[in-house]
Structure formats: structure tokens, C-alpha cells
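Have a look at the structure below, then the notes.
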Amino acid sequence: MNYWLFKSEPYAYSIDDLKNESDGVGRWDGIRNYQARNLLRDDIKIGDQVLFYHSSCKNVGIAGFAEVTSEPYPDPLQFDPESKYFDPKSDLENPRWVCLDIQYKAHVKKFLPLSQIKQNSELEEMVLVKRGRLSVQPVTESEWDAIKKLTMND
DNA sequence: GCCAACGTTGGC
DNA sequence: GCCAACGTTGGC
Numbered sequence: 097m098n099y100w101l102f103k104s105e106p107y108a109y110s111i112d113d114l115k116n117e118s119d120g121v122g123r124w125d126g127i128r129n130y131q132a133r134n135l136l137r138d139d140i141k142i143g144d145q146v147l148f149y150h151s152s153c154k155n156v157g158i159a160g161f162a163e164v165t166s167e168p169y170p171d172p173l174q175f176d177p178e179s180k181y182f183d184p185k186s187d188l189e190n191p192r193w194v195c196l197d198i199q200y201k202a203h204v205k206k207f208l209p210l211s212q213i214k215q216n217s218e219l220e221e222m223v224l225v226k227r228g229r230l231s232v233q234p235v236t237e238s239e240w241d242a243i244k245k246l247t248m249n250d
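Structure follows, in C-alpha cells:
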């Protein structure tokens, strides 16, 4: 089992939105970056654990936990001309973009802001800190454990 | 395949 | 709104 961090802008799709889906299962779609796509397609498996990160908002940081519940499948938005994620260069025979389903697990008890992640010696090597701009990124087991401790204690 | 120009992400 | 750090596009 592996660990990942998924970024979302909360006014577009927040941890609350995921929780409010029926059965708490939501489609993680709209990924239009090849590196992130390759992770979704090749590396992320059912049962993998996900940190739900809120980006581009007043309080950026880790807001909750989720679990991968489906294999990757073609992102329907790429075929929808009305969607901002429509991709005219993709075709049904050979879809360019994939998505998958995730299930809500929990909100953090204590929100973990990016500023705090950057200051924490156990977390300063996170892709989130080192690299930043990548909407799907790997998290190590020790990072996962440290984040669990910081967000779920008390 | 190179690379300049342009576009996007995302924290601040 | 700024801007750094990418990523993408397209001419050659």
C-alpha cells in the first residue's frame, strides 16, 4: 500500500464536498498534467491512502484523509465540450486523461498548514515542499505517520 | 531535438 | 497582483 497527496482548490472541490458525496465516494478528475496522470494511471492502486490538501485558498494545508477505491478509468470530462477540462485532442479510442474514485475517510482533527509542514524537520523533504506544483504526489510512510500524528492527536 | 515564447500553478 | 518555477507549444 502506498501514500499520496492530492491537491484540490477547496472552492472547486473540498474535503467537505467529498464527504457529502453519496457513500463519500467522489471522482478525482480534471488532472491535466502528464506526470500526475502517469501516477494515477500506473502507480496508484486500490486501497492506497490519500492526504487531501487544500491549495490556492486562505488556509492552505492538509484537510483530510481518503482512500483510493477504483482502478484508473478515462476521465469523462475530456470528452465533454462544455467542461473546462475538455480536450479536443483526446479521443474515445485512445483517451489521454484518466481519473479514479476516492472515498472520504476523515477530516483532520487539527488542520496542518503548509507553513507548519515547511518548518517540520520530518516533513521538509516532502515533494510538496521541495517541488510544489504537482497536483498528485507521492508521500513516504514516515511522512504519512508524522502527518497522522500531527493532525489526529488530541 | 532544440529552444524561445507563452501559459499555468500556487504560495505569498 | 506578483512572480518563481515549472510545463507546453510550435517553428526551425
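Numbering (this note's numbering), first residue to last: 97 to 250. Cβ atoms here follow ideal geometry from the backbone N, Cα and C, with glycine treated the same way.
query                                                                    : result
Assigned exposure category for Tyr142 - 16 Cβ within 10 Å defines buried : The amino acid occupying residue 142 in the given sequence is Ile; Tyr does not appear at that position. Exposed, because fewer than 16 other Cβ atoms sit within 10 Å of the Cβ of Ile142.
Beta carbon of Ile140 nearer than 8 Å to that of Arg133                  : no
Within 8 Å, strictly: CB atoms of Ala202 and Gly160                      : yes
Lys195 to Trp124 span [Cα, whole Å]                                      : The amino acid occupying residue 195 in the given sequence is Cys; Lys does not appear at that position. Roughly 6 Å between the two C-alpha positions.
Nearest-angstrom Cα separation, counted from Leu173 out to Pro186        : Pro is not the amino acid found at residue 186; the sequence shown has Ser there. Approximately 11 Å, taken between the alpha carbons.
C-beta atoms of Leu147 and Val232 nearer than 8 Å                        : no
C-alpha gap between Asp197 and Lys103, whole angstroms                   : 15 Å
Span separating the alpha-carbon of Met97 from that of Phe175            : 32 Å
Per-residue DSSP class, three states only, for Gly122                    : strand
Contact under 8 Å by Cβ, Asp144 with Tyr99                               : yes
Assigned exposure category for Gly228 - 16 Cβ within 10 Å defines buried : exposed
Per-residue DSSP class, three states only, for Val225                    : helix
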